[in-house]
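Undergrad:
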């Protein structure tokens, strides 16, 4: 389990870091890059990787919590990670978005509810297919 979570963290970290650099390259005009800016991008990547690469994998693959608890935990951590990432990227953007915090929290929660619905439907279909394969093998 720990090896799987570590690999997920590293993959997510690399992907998020490259994605952030790509977005900055496309949408922000060339400017001087400081060492602090690079550290902030690394911190944003680390926070996102902890949530998407470790927490989500643990909650949906290894945890024995009820679905409602997983939805609440993942929504809270996703929201917190988003706020931290925005703050690290731009304090001005963070302060501007503070007015919309309740809306962002509600959208995050309902997004997780909808995501869980599709994820559980996918997992149930996968389990049913595996069981059908096992039943077919027993018949032969």
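In this note's numbering, the protein residues as written are 5 to 144. The C-beta atom is built at its ideal place from N, Cα and C for all residues, glycine as well.
#1: Excluding sequence positions up to five away, which residues of its chain have a Cβ less than 8 Å from the Cβ of residue 63?
#2: Would you tell me roughly how many angstroms separate the C-alpha atoms of residue 19 and residue 53, rounded to the nearest one?
#3: Buried or exposed: which applies to residue 138, given that a residue is buried once 16 or more other Cβ atoms fall within 10 Å of its Cβ?
#4: Are the CB atoms of residue 93 and residue 112 nearer to each other than 8 Å?
#5: With a Cβ-Cβ cutoff of 8 Å, do residue 13 and residue 55 count as a contact?
#6: Taking 8 Å as the cut-off, decide whether the C-beta atoms of residue 17 and residue 65 are in contact.
#7: Just to confirm my understanding: we take residue 89, look at its own chain, exclude 5 residues before and 5 after, and list those with CB closer than 8 Å. What are they?
TA: Here's the rundown:
#1: As a working note, residue 63 is residue 59 in the chain shown. Around residue 63: 69, 74, 77, 78.
#2: Counting from one through the chain shown, the residue named residue 19 turns up at place 15. Counting from one through the chain shown, the residue named residue 53 turns up at place 49. Their backbone Cα atoms lie some 9 Å apart in a straight line.
#3: Indexing the chain shown from 1 puts residue 138 at position 134. Answer is exposed; the Cβ neighbour count stays below 16.
#4: Your numbering for residue 93 matches position 89 in the chain shown. Your numbering for residue 112 matches position 108 in the chain shown. Contact: no.
#5: As a working note, residue 13 is residue 9 in the chain shown. As a working note, residue 55 is residue 51 in the chain shown. Result no, Cβ atoms of residue 13 and residue 55 do not sit closer than 8 Å.
#6: Here residue 17 refers to the residue found at position 13 of the chain shown. Here residue 65 refers to the residue found at position 61 of the chain shown. It is not a contact, given that the beta carbons lie outside the stated cut-off.
#7: Residue numbering aside, residue 89 sits at position 85 when the chain shown is read from its first letter. 48, 51, 52, listed in sequence order.
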